[in-house]
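>
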Amino acid sequence: MSDPGKTKGHAHTLILVRHGQSDFNKRNLCSGWADPSLTEVGVREAKEGGKAMKAAGIKFDVAYTSRLQRAVQTLFWIQEETGMHWVTVRRRWRLNERHYGALTGLCKYDLAQKFGEKQVKIWRRSFDVRPPAVDEKSEYYPANDERYKDVEKKLLPKCESLEDCIQRVLPVWHEEIAAELKEGKTVLVSAHGNALRGFLKHLAKISDEDIVEVNLPTGIPIVCELDKELNLIRRYFLADEAVVKKEIQAIVDQGKARPLSVGRLGEKSA
């Protein structure tokens, strides 16, 4: 569960954690830039993640999160469990989840029944295919949301492919996080599945084809050990392997036209 031992060349530490279960996750809805809060299960997942970090003796000097409350709340509960509310928190819109366009708020199970599992998988898992764009009058169009009033309208997406999401996320790495790591800081990022896949793709040099099969369980911290040049040496989950596998399978099942798998805390996970 915890650090399996000191790694040769380990100079810097980055911790990535996907937010705990949200209300949309529980109902198997496409979340994207919608802003549901954590469920009770999600709060417990976030707390468990914080406890796992504390048990492993992992502390952090600065934290990054998105402008969506499920990620912000997850960070709060991790700070609560680790006693680290005093650290600097940087909220970045670029760390938001991939924008699912017109699919936002729709049930993945219903989409699979209507359009077929193959089409839903293409929308959700292909690297460079975008879903249908959201209407500019929709509540899910970011330009209609006051939290993005400081962002140039041309930068706000109506829909995104995974590739688009990764390109949006990486400036935070290049312009901020990398510099803080090189200063000797341990950095925690509490964000979203697709945003975090962007970091992992960059750090682990994962191909376009393989990154679409990478799934991240909710609330389980991933410890990334980096060398002096910020090359990834090793990464591992702060959870038992069996738990991680079960949670990943629950994610895989989301786009299928059948009921979801049951997660580790007795709720449907998405």
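By the count of numbering that gives the first Met the number 0, the sequence shown reaches residue 269 at its end, each step adding exactly one. Ideal Cβ placement from N, Cα and C applies to all residues, glycine included. Because the structure is a prediction, the values reported are computed rather than measured.
Check this for me: beta carbons of V222 and I14, under 8 angstroms apart or not?
Taking 8 angstroms as the Cβ cut-off, V222 and I14 qualify as a contacting pair.
> Who are V306's beta bridge partners in DSSP?
In the structure as shown, the chain starts at 0 and stops at 269, and residue 306 therefore has no counterpart that could be examined.
> Pick out whichever of L225, P216, D239 has its Cα sitting closest to the Cα of I247.
Of the listed residues, the one whose Cα sits closest to I247 is P216.
> Say whether the stretch 170–178 touches the stretch 36–53, bearing in mind that this needs 3 or more beta-carbon pairs closer than 8 angstroms, one atom from each stretch.
Short answer: they don't touch.
> Only counting the same chain, and skipping five residues up and downstream in sequence, which positions put a Cβ closer than 7 angstroms to that of K152?
Excluding positions up to five away in sequence, the list reads A142.
> Pair every Cβ in the stretch 132–146 with every Cβ in the stretch 192–209, then say whether three or more of these pairs are closer than 8 angstroms.
At 8 angstroms Cβ cutoff, the stretches do not touch.
> Which whole-angstrom value is the C-beta distance of P170 and D163, which I expect to be below 8 angstroms?
Wrong, their Cβ atoms sit about 13 angstroms apart, outside the cutoff.
> Tell me, please, whether the CB atom of E47 is closer than 8 angstroms to any CB atom in chain D?
In the structure shown, chain D cannot be found, because there is only a single protein chain.
> If you measure between the beta carbons of G218 and A45, is that distance less than 8 angstroms?
Contact flag set, yes.
> To the nearest angstrom, how far is the alpha carbon of T6 from that of I232?
Taking the straight line joining both Cα atoms gives about 8 angstroms.
> Below 8 angstroms between beta carbons: does that hold for V186 and Y99?
No, these two residues do not count as a Cβ contact at 8 angstroms.
> Buried or exposed: where does A249 fall if 16 or more other Cβ atoms within 10 Å of its Cβ makes it buried?
Buried is the call here.
> Going by DSSP in three states, L231 sits in which element: helix, strand or coil?
Here L231 sits in strand by DSSP.
> For the alpha helix (DSSP H) containing V71, name the first residue and the last one.
Unbroken alpha helix (DSSP H) run through V71: 68–81.
> Go ahead and label Q118 buried or exposed: buried means 16 or more other beta carbons lie within 10 angstroms of its beta carbon, across all protein chains shown.
So Q118 counts as exposed.
> Quick check on the DSSP output: what are the complete alpha helix (DSSP H) runs of length 4 or more inside the stretch 114–167, in order along the chain?
Segments of the alpha helix (DSSP H) lying fully in the stretch 114–167: 116–124.
> Rounded to a whole number of angstroms, what is the C-alpha to C-alpha distance between L264 and T38?
Residue confidence for L264 is low, a pLDDT of 47 falling below 50, so the modelled location carries little weight; the figure read from the coordinates is stated next. Straight-line Cα distance between these residues: approximately 12 angstroms.
> Could you tell me if D34 is buried or exposed, where buried requires 16 or more neighbouring beta carbons within 10 angstroms of its beta carbon?
Flag for D34 reads buried.
> For Q20 and A190, I'd like the C-alpha separation in whole angstroms.
Their Cα atoms are separated by approximately 12 angstroms.
> Going by CA-CA distance only, name the one from Q68, G104, A101 that's closest to R90.
Answer by Cα proximity: Q68.
> Beta-carbon separation of I57 and V16 under 8 angstroms?
Not closer than 8 angstroms, so no.
> Is it true that the CB of F198 sits closer than 8 angstroms to the CB of V188?
Going by C-beta atoms, V188 is nearer than 8 angstroms to F198.
> For T12, list the residues DSSP reports as bridge partners.
DSSP, once it has assigned bridges, lists E224 as partnering T12.
> Between R97 and the rest of its own chain, which residues show a CB-CB distance below 7 angstroms, the 5 nearest in sequence each way excluded?
These residues qualify, in order along the chain: G31, E159, L161, C164, N193.
> Does V42 come out as helix, strand or coil in the three-state DSSP assignment?
Of the three classes helix, strand and coil, the one that applies to V42 here is helix, per DSSP.
> First and last residue of the beta strand (DSSP E) that includes V242?
Looking at the DSSP string, V242 is not in any beta strand (DSSP E); the run it does join, the alpha helix (DSSP H), is 240–251.
> Among residues of its own chain, excluding the 5 on either side of R66, which ones have a beta-carbon nearer than 7 angstroms to its beta-carbon?
Closer than 7 angstroms at the Cβ level, and outside the excluded window around R66, lie R90, W92, N95, R146.
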